[in-house]
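First up is the structure itself, then whatever we jot down about it.
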Amino acid sequence: MTLKNLTLLAIALPLLAALTLAEDVTCFRGPNRQGIFNETGLLKTWPPAGPEQLWKTEGIGLGWSAVIRAKGRLYVTGGGPNAKIDEKLTCLDDNGKILWQTTTGKTWTKSYPYARATPTFVETPDGGRLYLSTGGGEIVCLKADDGEIVWKHDFAADYGGRPGTWGYAESIATAEGMAFATPIGDKASLVAYDLRTGKVAWEAEPLDGQVAYVTPVVHNGQIIQITGKYVFGTDIKTGKIRWTYDFASAFEEKERREISCVTPLVDGQFIIATRGYNHGTVLLELAADGNSVKPLWKNNDLDTQHGGTVLLNGHIYGSTWINNSSGEWACVDAQTGRTIFMQPWQVPGKDGKLIPLGKGITIAADGMLYQFDDKRGTLALARPGQDNLDIVSSFNITYGTKEYWACPMISDGVMYVRRGDVLAAYDVKAK
756 MTLKNLTLLA
766 IALPLLAALT
776 LAEDVTCFRG
786 PNRQGIFNET
796 GLLKTWPPAG
806 PEQLWKTEGI
816 GLGWSAVIRA
826 KGRLYVTGGG
836 PNAKIDEKLT
846 CLDDNGKILW
856 QTTTGKTWTK
866 SYPYARATPT
876 FVETPDGGRL
886 YLSTGGGEIV
896 CLKADDGEIV
906 WKHDFAADYG
916 GRPGTWGYAE
926 SIATAEGMAF
936 ATPIGDKASL
946 VAYDLRTGKV
956 AWEAEPLDGQ
966 VAYVTPVVHN
976 GQIIQITGKY
986 VFGTDIKTGK
996 IRWTYDFASA
1006 FEEKERREIS
1016 CVTPLVDGQF
1026 IIATRGYNHG
1036 TVLLELAADG
1046 NSVKPLWKNN
1056 DLDTQHGGTV
1066 LLNGHIYGST
1076 WINNSSGEWA
1086 CVDAQTGRTI
1096 FMQPWQVPGK
1106 DGKLIPLGKG
1116 ITIAADGMLY
1126 QFDDKRGTLA
1136 LARPGQDNLD
1146 IVSSFNITYG
1156 TKEYWACPMI
1166 SDGVMYVRRG
1176 DVLAAYDVKA
1186 K
């Protein structure tokens, strides 16, 4: 591994994004699910009260999933007619008007119910299809035009799935005419369904452990996924598991939990996997034949709980977990695994004294970082590439209810922010 390799990795992700229309974000966390949105000409600073709010819409249902945008429409999941039993998918136009809503299936009914999974859009000659998973472990295909359900399977029940404390939360990945779901069950670990018919294409062999809350990525003919125990790669065409890495045993744990919530960063032979709760981040190198991986470094500081990480110019950015109410914000050198900085994000309190915000979400667009504190709802624009946390502008999200866990999305110069039952749009295009 060389610095050149990882610099190429940092360059490659935006290039992948450029293959899609700038105005379309068709899956969770943008192209290849890497947290980098293919945008240019965005504001480099915000007014004190934040960028201009274009609209705000209530009624999408409670939940923590992100919104996607395709062909001038927005799609987001939320709690259904009975929010503690079922889920729904909402379609809105670019002005925030709700066009239709469809009840999709059963939600997770135990700890922290409500929708978590972001839909995925796939272009078709008749207007496109949407693929999503429910908290109760169903995969659903719907028509993007009107929300009609095309096919549906209960993958958790069909394969003896072993959900974690919070059910199922993966945002469906698609490739090669297939959609993939991860039951981690007694009969299969990963299942591929035909996009058009819903017919099972293949079933990957079972793995021990339980489901994680991770969206897989598709790269170089493999699906890279994380479970409560493993990082593993599966051949897209055959369903054969090519390799596994024991993620649960990689770190000396202060708390023994089979919990992973962060989508891996991938490119070529490199895989960056992060796990919260006093675990950390590991850089894996995939063998040339694609049949094994080896760890190149481990970092104990960057243990992002569920807010995601991004790679910019050879640096990995994300928040750390101290406890469920607090954390710091960190930068790690992608070549060496060295922590460049790890510090609290502080803002003035009512008395003028600095108070630390907690952990949260990290995304990037147009060379800037966007950080969203998940306890108090402060959303910030930050400058990367520094030796410390460099917040440029910030404002507070005051609408909605429940936690600030939904990942913001940026499409065609507009930033979309969801909290609970409310979705809002902000103009972040430079004038």
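Take 756 as the starting number for the sequence shown in the numbering used here and just add one per residue. Beta carbons are placed, not taken as given, at the ideal position from N, Cα and C, and that holds for glycine.
| Asked | Found |
| --- | --- |
| Bridge partners - W1052, DSSP secondary structure assignment | L1038 |
| Limits of the alpha helix (DSSP H) - the one that F1025 falls within | Unbroken run through F1025 is the beta strand (DSSP E), 1025 to 1030; no alpha helix (DSSP H). |
| Closest by C-alpha distance to V946, when choosing among F1096, G835, H974, K992 | K992 |
| Beta-carbon spacing of A928, V972 below 8 angstroms | yes |
| Terminal residues of the alpha helix (DSSP H) in which D1182 lies | D1182 -> not in any alpha helix (DSSP H); beta strand (DSSP E) instead, spanning 1177 to 1182. |
| Burial state of K1053, where buried means 16 or more other Cβ atoms lie within 10 Å | exposed |
| Neighbourhood of G1143 by C-beta distance below 7 angstroms, restricted to the same chain and skipping five residues each side | Per the sequence shown, residue 1143 should be read as Asn rather than Gly. Excluding positions up to five away in sequence, the list reads F1096, Q1098. |
| Where P786 sits in the DSSP three-state scheme | helix |
| Reference A1043, options Y1154, M1164, F792, Q1024, closest by Cα | Q1024 |
| L1136 versus C1162 - alpha carbon distance | 14 angstroms |
| Residues that P1103 bridges to, as DSSP identifies them | L1109 |
| Cβ separation of T800 and V1147, assumed to be a contact under 8 angstroms, to the nearest whole Å | 6 angstroms |
| A825 beta carbon less than 8 angstroms from that of T781 | yes |
| Nearest-angstrom beta carbon gap, A870 and G816 [assumed within contact, 8 angstroms] | 7 angstroms |
| Helix, strand or coil at F1096 [DSSP, three-state] | strand |
| DSSP three-state assignment for F1006, whether helix, strand or coil | coil |
| W998 to G790 span [Cα, whole Å] | 25 angstroms |
| Buried versus exposed call for T1153 [16 or more other C-beta atoms within 10 Å across all chains shown] | exposed |
| As assigned by DSSP and simplified to three states, the class of K1186 | coil |
| Minimum C-alpha distance to S1149 - residue among Q1141, S1166, L1124 | L1124 |
| Buried versus exposed call for K1108 [16 or more other C-beta atoms within 10 Å across all chains shown] | exposed |
| Of the listed residues D1088, K1114, Y1000, nearest to N1046 (C-alpha basis) | Y1000 |
| DSSP beta-bridge partners of L887 | V895 |
| Contact set for F783: own chain, Cβ-Cβ below 6 angstroms, skip 5 residues either direction | A821, T873, S926, T970 |
| Inter-residue spacing [alpha-carbon to alpha-carbon] between V844 and W863 | As written in the sequence, residue 844 is Leu, which differs from the Val given in the question. Taking the straight line from one Cα to the other gives about 15 angstroms. |
| Test item: CB-CB of V986 and F1002 under 8 angstroms | yes |
| Residue interval of the alpha helix (DSSP H) (run including D913) | 910 to 913 |
| T864, DSSP secondary structure in three states | coil |
| DSSP three-state assignment for S1015, whether helix, strand or coil | coil |
| C-beta contact flag for L1038 and G1092 at 8 angstroms | yes |
| Q856 - partner residues in DSSP beta bridges | T845 |
| H1070 - partner residues in DSSP beta bridges | L1067, D1088 |
| Q965 - DSSP class collapsed to helix/strand/coil | coil |
| Sub-8 angstroms separation of Y886 and A930 beta-carbons | no |
| T989 vs A959 beta-carbon contact at 8 angstroms | yes |
| Same chain, Cβ closer than 6 angstroms to P868, neighbours up to 5 away in sequence not counted | K839, T862 |
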